[in-house]
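Residue numbers (the working numbering), protein chains in the order written: chain A, 1 to 171; chain B, 1 to 171; chain C, 1 to 171; chain D, 1 to 171.
All C-beta atoms in this analysis are idealised placements derived from N, C-alpha and C, irrespective of residue type, glycine included.
Have a look at the structure below before the remarks.
There are 4 protein chains.
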Amino acid sequence: MERTSSEDRRLDDAHKRDIVVKRLNERGVSLEEIAEITLDLQKPHVPGLTLATCLDHVERVVMKREVQHAVLTGLELDVLAEKGLVSEPLRSILMSDYGLYGIDEVLALAIVNVYGSIGLTNFGYVDKTKLGIVKKVDERGKADGVCHTFLDDMIGAIAAAAASSVAHRYA
Amino acid sequence: MERTSSEDRRLDDAHKRDIVVKRLNERGVSLEEIAEITLDLQKPHVPGLTLATCLDHVERVVMKREVQHAVLTGLELDVLAEKGLVSEPLRSILMSDYGLYGIDEVLALAIVNVYGSIGLTNFGYVDKTKLGIVKKVDERGKADGVCHTFLDDMIGAIAAAAASSVAHRYA
Amino acid sequence: MERTSSEDRRLDDAHKRDIVVKRLNERGVSLEEIAEITLDLQKPHVPGLTLATCLDHVERVVMKREVQHAVLTGLELDVLAEKGLVSEPLRSILMSDYGLYGIDEVLALAIVNVYGSIGLTNFGYVDKTKLGIVKKVDERGKADGVCHTFLDDMIGAIAAAAASSVAHRYA
Amino acid sequence: MERTSSEDRRLDDAHKRDIVVKRLNERGVSLEEIAEITLDLQKPHVPGLTLATCLDHVERVVMKREVQHAVLTGLELDVLAEKGLVSEPLRSILMSDYGLYGIDEVLALAIVNVYGSIGLTNFGYVDKTKLGIVKKVDERGKADGVCHTFLDDMIGAIAAAAASSVAHRYA
């Protein structure tokens, strides 16, 4: 009985993982680009670390239920804001990526925490210095009608969580 | 210069406070009903505590920017799910108040943290025992087409934050 | 290479797990007593759930690195306060289990978060209602010279995290 | 009655503020040095921002109860580890500033959260790039017998919280 419900659960999570990856792709982001940030973060600490290994840890992160829910919720808000379906004043807050909004960081923290608080530092660093794809996403988000308020934080949080996962393994 | 921008800010927050209260009302909840939970929580610890004092602390909580943003975001997701504007699988997760979703608790934590971690215990207690208006909101949320996934957590979190505010004052 | 370092790591965590269990025992708490709280929390939701299964999930929780570090740190502070080795005003804060201290809840949150934010509610409920062994620990902590400021929160957090682990598996 | 207890409380917090500042000084850190980090962080966003203003916001941060408790607890652990009063394996974890410990970041988060989640990014950035006094503290911490495991995170967290306070005011 248990085995079956547990199997169902895993299938369910694998299905949600596919949707998360598809949504990220639709917003212009691949798991490989996220793994590149993870590699940048952990290369100095893990000699010989490869992009393939980092991608493997990014894949583990997006199999986690809390991560999937945070990403699906954040990206949905970005998309609904773009479509004009979010009511004011939230719509303007999202469309302008208002610096004091804070809820994007709250969802990012939920992702980072999945591998413990050691990921906080890396998340903050990626978010501030806009490493790799985060920079591109940030630039694209400045175009009229585009909302990337959550997208850049979701990317930074997944990359930082994957970096924690790498650190825990190669400690 | 500073004074002016600071005044603007306060006006802005007071304006958002009005919208937050209006949205809560539209979802069937008054600040008085939230203050009743706060009174229940703090009465044993603060002799002579009144509903009026609790309401005053609830008012302080909804003047906080992070609280306003969390509530506006959570209630928006409930409403958009009801309207069928949220894509799958998030829509089903929200409409069924899926127990492993977790993002409702994440937003609640952001609210509670505004007055420090001592509010965690009260939030958990209110959420689990469904005190006062939380119970009513939970029942109404079971009706077809109604989504209260975030609403009950937002109420519990505001009540717990106000209880922390009372505790900090009458320590 | 990786395999070896990974094996070392697991051995290291298993060693820390033994120390954590020993410390809890020295403070008058067994994993079985913690598992009883988990059973109380999840019984209504998982028909046929046994104490043995709950104990298995408690064991998983205390194998997690972040949990081990939080518990070792919290229990150390309790013990050092009892021995009079903590400087003022922190010593008095700890010895009196000052309600506005908050750092006990902060460490508890780090434990609960290991299995996602769904554990918040259960932690708050256990902490407030003082289920099972939490009640006993709380009573003992009132004796002269005894400090259980962190102990009760560590127990509640482990029990709540194990309940989340059960919920994720039998969803 | 309320007024009196509230006045007591403020006196109490002012007293604790003095102890926090004294402890930071004893560990080689002044509030001015922390304010310099805050200035570095916010200068690009707030034209004409001065060190005096940043210091004013740092002072507000160390008047907050949760901040005081986190700092007192973190610095106590550093000092007790140096004195050899912390039991193993925690002592070695602290003395070596073990990268996967995580509890230093947990306490830092409690400090940062006092001004909302927008401080997360700045904390991570300061912690990773070791701005100003953080760098010095980190270097000194490598000397034999010195433990700065919590000190650098406490500094970074206070500086980031003060930066949030500045941002909220001059938004």
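Counting every other CB atom within 10 Å of its CB across the protein chains shown gives A167(A) a total of 16 or more, marking it as buried. Here A110(C) is near A70(C), since their CB atoms are less than 8 Å apart.
Within 9 Å of the CB of T50(C), no CB atom of chain B is found; the nearest one sits about 21 Å away. In this structure, G102(B) sits away from F123(B), with a CB-CB distance that is not shorter than 8 Å.
Linking L131(D) to V21(C) through their CA atoms gives a straight-line distance of about 40 Å.
A contact is defined here as three or more CB-CB pairs under 8 Å, and the segment 144–164 of chain B meets this definition with respect to the segment 25–42 of chain B.
For the pair R169(D) and E66(B), the Cα-to-Cα distance works out to about 14 Å. Around the beta-carbon of T50(C), fewer than 16 other beta-carbon atoms lie within 10 Å, marking it exposed.
Closest in alpha carbon position to L107(A), among T149(A), H45(A), V86(A), is T149(A). Taking all protein chains in view, the Cβ of D152(C) is crowded by 16 or more other Cβ atoms within 10 Å, so the residue is classified as buried. In its chain, beyond the 5 residues on either side, G145, V146, C147 have a beta carbon closer than 7 Å to the beta carbon of E82(C). Taking a beta-carbon distance threshold of 8 Å, K64(D) does not count as an interface residue toward chain A. Contact with chain B is absent for K43(A), since none of that chain's Cβ atoms lies less than 8 Å from the residue's Cβ. Its chain contains V67, I111, V114, Y115, I158, A161, A162, S165 as the residues whose beta carbon lies nearer than 8 Å to that of V61(A), once the 5 sequence neighbours on both sides are disregarded; these appear in chain order. For the set H45(C), I133(C), G28(C), L90(C), the Cα lying nearest the Cα of T73(D) is the one of L90(C).
Secondary structure at D97(A): coil, using DSSP grouped into helix, strand and coil. A direct Cα-Cα distance of roughly 45 Å separates D138(D) from Q42(C). Under the DSSP assignment, L49(A) falls outside any alpha helix (DSSP H); it carries neither an H nor an E label. Here the C-alpha atom of V46(D) lies approximately 14 Å from the C-alpha atom of A52(D). Between P47(D) and chain C, the shortest Cβ-Cβ separation is not below 8 Å.
Identification of chain A residues near S117(C) by a Cβ-Cβ cut-off of 9 Å yields E66, A110, N113, ordered along the chain. Secondary structure of H148(C) (DSSP, three-state): coil. Residue state for S164(A) is assigned as helix, using DSSP reduced to three classes.
Interface criterion met: the Cβ of H168(D) is under 8 Å from a Cβ in chain B.
Inter-residue distance for V29(A) and V134(A) is about 9 Å (C-alpha atoms, whole angstroms). When 7 Å is used as the limit between beta carbons, L100(B) is near these residues of chain A: R65, in chain order. Neighbourhood of L72(D) in chain C, by CB distance below 7 Å: L90, in chain order. The continuous alpha helix (DSSP H) containing K135(D) extends over residues 133–140. According to the DSSP assignment, L85(D) belongs to no alpha helix (DSSP H), since it is labelled neither H nor E. Among the residues facing chain C, H69(D) is included, as its CB has a counterpart in that chain under 8 Å away.
Between the alpha carbons of L80(C) and Y98(C) lies a gap of roughly 16 Å. Counting along the chain, the unbroken alpha helix (DSSP H) around Y125(C) starts and ends at 119–129. In the DSSP annotation of this structure, the continuous segment of the alpha helix (DSSP H) that includes V106(B) starts and ends at 103–112.
Residue contact check for L107(A) against chain B: a CB pair falls below 8 Å. Per DSSP, reduced to three states, the secondary structure at G116(B) is coil, with no helix or strand assignment.
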